[in-house]
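Down below is the structure, laid out as structure tokens.
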Amino acid sequence: MQRALCVIMISMLKFEVLKTDGGVRRGILRLLRGDIQTPAFMPVGTNATVKAMSSDELKEIGAEIILGNTYHLYLRPGHEVIRSVGGLHRFMNWDRPILTDSGGFQVYSLSALRQIEENGVCFRSHIDGSMHFIGPAEAMEIQRALGSDIAMVFDDCTPYPATHEYALDSLKRTLGWAKRCRELQNEGQALFGIVQGSTYKDLRTMSIEGLLDIGFDGYAVGGLSVGEPKEVMHEMIRFVGPLLPRERPRYLMGIGDLMDVLVAVEAGFDMFDCVMPTRNARNGTLFTSAGRISIKRTEFKADERPLDPQCLCPTCRNYSRAYLRHLFLTREILSMRLNTMHNIYFYMDFFRKMREAIQAGKFQDFKRRYENMAWIETTV
RNA sequence: GUGGCUAUGGUGUAAUGGCAGCACAAGAGACUGUGGCUCUCUUUGUACGGGUUCAAAUCCCGUUAGCCACC
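Take the first sequence: its position 374, counted from the start at 1, is 1144 in our numbering, and no numbers get skipped.
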């Protein structure tokens, strides 16, 4: 028993593929703070909180790992503050694994003024306009202070559209930074590389080869869902997935539309994160077994039924559509809580059922059933 | 009772006699490694009845309603 623990302690991350079904995989990602069943969904907890949820509630609805943000926590409250109070887990009272995004994407999408330099990015805070600099060294130091279980390399997210020339330049920059991050990898913290290369297959291939030369605990794909047509995104997912090493976890960053997830799982991806369930919950769009619905619709005004009669989440077990609609329209705090609880539960449940289907060798059936279901639209 | 003022979508307000506009509310969407944010689209109106004019929310008369002042 004691010995087994030691083995795990030595390698901070262990990935076991339990079952394959074509290119589809079902596995377990083992980290010191807990196991993660894959394919896995990671709820987004930007500011050291999955908005509206307490850590107990997150556990109750089945979250095994969450995502935190380097960029946000660096700006507020400051990573030194979090270091001084014992790290991000202790700070937010979450004892399961945390993956931290490196800030590369946030610098790209949030800060108005962004100047890319050799050693990093100079940017203006979206909060108060103050100037800051983050590069690979800073990103690794911040993630060290946060104490996340999985850190991401600091990448340059290539905007869409990008010329081949620009994308190549951007890709080289990301590779250089990835190498630096790997050199600075923190003890006890796994590190994932990020594939860039925009919509160019040769560049995606080059990116993967570059990352493989360096060697990472896991491989992520970035630079997708940044405005490109869906078909292009799917094409890239299908192209890149199989090129990533089989024995390492594959993480598709930022993707969370469930149809896209199905495409990606089919291409061999294991991990996902997305603001979609949480943000949509806050904006009143809820996921149900019969499709998405907008809870503010007039038709739910006096509807006493649960949001999704087939759902076993606390929201569906205890409250009516009429009440959820009222809470949303009156902008009550409870609305955010109940909606978020439901949407995350729905995602967790979706992934759990998907894993069961893979285990049973029935992923294609699962995928087809969901595709058909998604057509039903809003009639619940 | 007399005099004065006012009347424009659900609400609050624009429009010199010349396309009735704006905000909020309401309705339908969108949201993919940030956003209780934001964006897109839509419905709804000149209190009522006459008159003048090529043309009326606008000018005139009456009715109704509200507000103010005086008896």
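Ideal Cβ positions, reconstructed from N, Cα and C, are used throughout, including at glycine. Just so you know, these numbers come straight off a predicted model, no measurement behind them.
Let's test the definition: count the other Cβ atoms within 10 Å of the Cβ of Phe924 and tell me whether it reaches 16, buried, or not, exposed.
buried
When you compare the segment 1026-1042 with the segment 1086-1105, are there three or more beta-carbon pairs, one atom per stretch, that lie closer than 8 Å?
no
Between Gly890 and Phe903, what straight-line distance do the alpha-carbon atoms span, to the nearest angstrom?
7 Å
Let me know the alpha helix (DSSP H) ranges lying completely inside the segment 792-849, each 4 residues or longer, listed in chain order.
825-830 and 840-845
What is the rounded straight-line gap between the Cα of Phe1136 and the Cα of Ala1127?
6 Å
Tell me the rounded alpha-carbon separation between Glu888 and Ser1059.
48 Å
Measuring straight from C-alpha to C-alpha, what distance separates Thr969 and Thr944?
16 Å
Would you kindly check if the distance between the Cβ of Ser881 and the Cβ of Gln913 is under 8 Å?
no
In terms of residues, what are the limits of the alpha helix (DSSP H) holding His896?
First-last for His896: undefined, no H or E at that position.
My output table needs one value for Arg1049: the three-state DSSP class, helix, strand or coil.
helix
Which of helix, strand or coil does DSSP assign to Ser854?
helix
Would you kindly report the start and end of the unbroken beta strand (DSSP E) that includes Ser1064?
Gly1061 to Ser1064
Apart from the five residues just before and just after Arg1095, which ones in its own chain have a Cβ nearer than 7 Å to its Cβ?
Here the set comprises Ile1065, Lys1066, Phe1070 and Lys1071.
Please list, in chain order, all residues of the same chain as Ile984 whose beta carbon is under 7 Å from its beta carbon, the five residues on each side excluded.
Ala948, Lys949, Arg952 and Gly963
Within this structure, are the beta carbons of Thr1110 and Ala822 separated by less than 8 Å?
Cβ distance < 8 Å, so Thr1110 and Ala822 count as in contact.
Near Phe1133, what residues of its chain come up, given a Cβ to Cβ distance below 6 Å and the 5 sequence neighbours on each side ignored?
In its chain, beyond the 5 residues on either side, Asp791, Val794 and Ala1127 have a beta carbon closer than 6 Å to the beta carbon of Phe1133.
Tell me the rounded alpha-carbon separation between Gly874 and Pro906.
9 Å
Which residue wins for smallest C-alpha separation from Glu911, given the options Thr819, Val851 and Leu954?
Among Thr819, Val851 and Leu954, the Cα nearest to that of Glu911 is on Leu954.
From this set, Met782, Phe1009 and Gln1080, which residue's C-alpha is nearest Ile868's C-alpha?
Closest option to Ile868, Cα to Cα, is Met782.
Take the Cβ of Tyr1021 as the centre, count every other Cβ of all protein chains shown within 10 Å, and call the residue buried at 16 or more, exposed below.
Buried, by the Cβ-count rule.
Any idea which residues DSSP pairs Lys784 with across the strands?
Lys784 pairs with Arg800.
May I have the straight-line CA-CA distance separating Leu941 from Gly1054, to the nearest angstrom?
37 Å
Considering only residues of the same chain and omitting the five flanking positions on each side of Leu1097, which have a CB-CB separation below 8 Å?
Leu1104, Ser1105 and Leu1108
Buried or exposed, going by whether 16 or more other CB atoms sit within 10 Å of the CB of Asp1040?
buried
Between which two residues does the alpha helix (DSSP H) containing Cys951 stretch?
His934 to Glu953
Between the alpha carbons of Ala915 and Ser900, how many angstroms are there, rounded?
22 Å
What's the C-alpha gap between Ile835 and Gln959?
14 Å
Comparing C-alpha positions only, which one of Asn1050, Tyr841, Gly1061 and Arg1139 sits nearest to Arg894?
Tyr841
Among all the DSSP beta bridges, which residues are the ones paired with Glu887?
Gly890
Buried or exposed for Glu1151, please, with buried defined as at least 16 other CB atoms from any protein chain shown within 10 angstroms of its CB.
Absent from the structure is residue 1151, since the part of the chain shown begins at 771 and ends at 1150.
Roughly how many angstroms separate the alpha carbons of Ala818 and Gly848, rounded to a whole number?
One C-alpha to the other measures close to 12 Å.
Mind checking who Ala921 pairs with in its DSSP beta bridge?
Paired residues: Thr870 and Leu961.
Would you report the Cα separation of Arg1138 and Arg1016, rounded to the nearest angstrom?
25 Å
Suppose contacts are defined by Cβ-Cβ distances below 8 Å. Is Arg800 in contact with Asp865 by that definition?
no
Report the option in Leu843, Leu1077 and Met862 whose CA atom is closest to the CA atom of Ala1051.
Leu1077
Let's see if you can read the secondary structure: which residues bound the alpha helix (DSSP H) around Met1118?
Ile1103 to Gln1129
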